[in-house]
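I have placed the structure first, in the form of structure tokens, so that the comments after it can refer back to it.
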Amino acid sequence: MITEKEPGTGLAARIPGSKSLTNRLLLLAAAADGTSTVRAPLVSEDTVAFREALGVCGIPVKTGPGDAFWEVTGTGRGPTGSARPWCADAGTAARFLPPFAATGHGSFLFDGSSQLRARPQRPLLDALRALGVDLEPGPGNGLPLLIRAQGIEGGELSVDSSLSSQYLSGLLMAAPLMRRGLRIRTGSLVSRPYIDMTLALMQRFGARVDESADGTLTVEPRPYDATDIVVEPDASSASYVFAAAAVTGRTVTVPGLGTDSLQGDLRFVEVLRHTGADVHVGPTATTVTGNGPLRGGFTVDMGEISDTFMTLAAIAPLADEPITITGVAHARLKESDRVAAMAENLRACGIETTEGPDRITVHPGVPRPTRIACHRDHRIAMSFSVLGLAAPDTITLDDPECVAKTFPEFHDEMRRLFTGHALR
Ligand SMILES: O=C(O)C1=C[C@@H](OP(=O)(O)O)[C@@H](O)[C@H](O)C1
Ligand SMILES: C=C(OP(=O)(O)O)C(=O)O
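Letter 355 of the sequence shown, counting from 1, is numbered 355 in UniProt numbering, and no numbers are missing.
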């Protein structure tokens, strides 16, 4: 991580909790034996869907005053009964909950929005079938997915993690509940920092996991211990205020995101540093200060932090030379085809943009007034909002509300931080 001279702290951003941490903690707490407390959870469409899906599976989540904490009482086993959990738009719910349900007993019919139904599930289905799980997927191997759960014996498994890391995270978190535990071979893997996050949190709940030199992961069968844990602010959400600092010349600090963060997406600030911003990652906070016009003229592989590639692509027109982002083929499989959606919208803004299967190149330019097609993708909306700060009155969104998937207060917070400040 980058450390430099201590900066002034400037504006303190209020970034809600991490989606990825909140939904993992809900799952692990549900699988643990006893009552766990998840403090400062993200309250957004993705995490509320996850919480409610656990509730219909017979594991209610108690919410503390003002959602300051959520409390989950697990039994140390998978769920029992018959339920129809709704995953809404949440990839984490569709990929983490079925393996957990399969370790229980009963019948669980997972479904979600048409957007989520269109996202790939095949590698997870193959892995569950290889573990002997009785399941029935929907057309095209997506949701809806019926699991007839009878517990899982466990053993050896290989998982295709080339499209998404979420299948592997879901299987890993369910592994301690399998009668013999699990040995997983991984092969090529996208979004590796999310696997590190999964392993770190499993260990916080007492799991024993070993990773061998060839990348094989071995998880012992052993009930999770209930835990009390605080959720960090969401590093992907923080990327928008950091980028906004870079383009407005302001100083923005995110308290609670520091050198010990479990989130790979905090590395976005290293990318911003390439553009000339001053960056300081301290033990308990991260600060970015804009430092004159953005510098371009570089290529950066954002495959491991792909939720933040759109943040960079959206501000890239403001740089003095083109910026190329590589390694993001799997970003075509998320809420939208994000590479295509960025290219389409940047071109609509009059910005020269080229794309390849796993990359995008954005040239310098002055955006013209454009209504952005968000494709119901929160990150398209939030990324172009940052460009809008630098080009006032040019950018509007066809679906500003879609930010509620992970950052319901996004527009209010951007107004609070940046309205009235000198925008370029
Ligand atoms: O495990 C997680 O919490 C996530 C993993 C990433 O997905 P992929 O592994 O599909 O890249 C990321 O894009 C998503 O927002 C959250
Ligand atoms: C890809 C994302 O979400 P999901 O958890 O639905 O995959 C995202 O939040 O950018």
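For each residue, glycine too, the CB sits at the ideal point set by N, CA and C.
Just so we're clear, the structure is a prediction, and the values are computed from it rather than from any experiment.
Can you tell me which of 83, 262, 51, 355 puts its alpha carbon nearest to the alpha carbon of residue 199?
262
Unbroken alpha helix (DSSP H) run spanning residue 356, endpoints:
Element bounds for residue 356: not the alpha helix (DSSP H) but the beta strand (DSSP E), 353-356.
Do residue 206 and residue 96 have their C-beta atoms within less than 7 Å of each other?
no
So what does DSSP say about residue 5, is it helix, strand or coil?
Confidence is the limiting factor: at residue 5 the pLDDT is only 43, short of 50, which leaves the residue's position unreliable and the question unanswerable from this model.
Look up residue 270 in the DSSP assignment and say whether it is helix, strand or coil.
helix
CB residue 163 to CB residue 333, shorter than 7 Å?
yes
What does the alpha-carbon distance come out to for the pair residue 292 and residue 67?
40 Å
Would the C-beta of residue 381 count as close to ligand 2, meaning under 6 Å from any of its heavy atoms?
no
Under 6 Å from any heavy atom of ligand 1, does the C-beta of residue 20 make it?
yes
May I ask you to check if the CB of residue 327 is nearer than 6 Å to at least one heavy atom of ligand 4?
Annotation note on ligand 4: not contained in the displayed structure, which lists ligand 1 and ligand 2 as its ligands.
Pairwise C-alpha distance: residue 335 and residue 35:
33 Å
Pairwise C-alpha distance: residue 403 and residue 410
7 Å
Taking residue 322 as the reference, which of 274, 389, 284 has the closest Cα?
274
Mark residue 153 as exposed unless 16 or more other C-beta atoms lie within 10 angstroms of its C-beta, in which case mark it buried.
exposed
Less than 7 Å between the beta carbons of residue 107 and residue 148, yes or no?
yes
Tell me whether residue 166, by its Cβ, gets closer than 6 Å to a heavy atom of ligand 1.
yes
Tell me the rounded alpha-carbon separation between residue 362 and residue 368.
15 Å
What are the boundary residues of the alpha helix (DSSP H) that residue 169 is part of?
166-174
Report the rounded CA-to-CA distance for residue 428 versus residue 412, giving the unit in angstroms.
With the chain running from 1 to 424 in the structure shown, residue 428 is simply not present.
Whole angstroms are fine: how far does the CA of residue 330 sit from the CA of residue 358?
8 Å
At a cut-off of 6 Å, is residue 90 close to ligand 2 when judged by its beta-carbon and the heavy atoms of the ligand?
yes
Does the beta-carbon of residue 260 have 16 or more other beta-carbons within 10 angstroms, so that it is buried, or is it exposed?
exposed
Going by the DSSP bridge assignment, what does residue 61 pair with across the sheet?
72
By the 10 Å Cβ neighbour count, where 16 or more other Cβ atoms means buried, how is residue 88 classified, buried or exposed?
buried
One question on the structure: do residue 128 and residue 417 come within less than 7 Å of each other, judged by their Cβ atoms?
no
For the alpha helix (DSSP H) containing residue 238, list its first residue and its last residue.
235-248
What does DSSP give as the partner residue(s) for residue 156 in the beta ladder?
183
Could you check whether residue 53 and residue 98 sit closer than 7 Å to each other, using their CB atoms as the reference points?
no
What residue does the beta strand (DSSP E) around residue 36 start on, and which one ends it?
32-39
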